[in-house]
Amino acid sequence: LVCGNCGDPLLSGKNNGTRAYRCSRAEGKRNGCGLSIAAEPLEDAVVAWVAEALDSPDFLAALTADSDSTATAEDYREVVGIEGKLAELADEWAADRITMTEWKAARTALERRLDAARERIARNPAPLTRDAIDGMAGGAEFRERWMDTPRPAQREILGLLIGSIIVAPAVRGRNRFDPERATIEWLV
């Protein structure tokens, strides 16, 4: 998740007691830029968009296209793993279990690895195989199965399909979830 205001990552947290994604604290700033979005409705919308995409024959064809790619499934798994570690790192810092210096050092190292893996994928994007999306039919079937899928597997599936989700600022005075604030950048 990326802040559409400043480009910094959005981190999981609370906003008025409700789980939300909030703009992270960038270096040199005390707080993020202030952008936030309710987590649950955004997650529900993303699942609906993925289910809809998996219903599309063109999307499925793009996922399983033949390629001479040298990017491997390991590159994709590395991106998903590092993104998970960055989220865990942010949670550790937010809970005061590590210092800002430790957070910066770990984040810098992880971001270097993440950039390298993403660069390998960008140079040689590997298409997904039918095995990778086996059983992931779209529509209602996808939504039903999604709820029973363990969270790490959900992250991996989303990481194989989505490059990023950019969240735009809210419209002033609108006090409800607006799915149009989120834009998915698909990997296919």
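Going by my numbering, the sequence shown opens with residue 298, and the numbers climb by one from there.
Beta carbons: idealized from backbone N, C-alpha and C, even for Gly.
These figures come from a predicted structure and were not determined experimentally.
D372 sits buried, since 16 or more C-beta atoms from the chains shown fall within 10 Å of its C-beta. Listed in chain order, the alpha helix (DSSP H) runs fully inside the stretch 299–353 are 336–351, counting runs of at least 4 residues. A Cβ-Cβ contact shorter than 8 Å links L307 with S321.
Secondary structure of V485 (DSSP, three-state): coil. Note that the stretch 389–397 does not touch the stretch 468–480; fewer than 3 beta-carbon pairs, one per stretch, sit closer than 8 Å. Taken through DSSP and simplified to helix, strand or coil, V468 comes out as coil. Excluding its 5 nearest sequence neighbours in each direction, Q451 has C-beta neighbours in its own chain below 8 Å: W443, listed in chain order.
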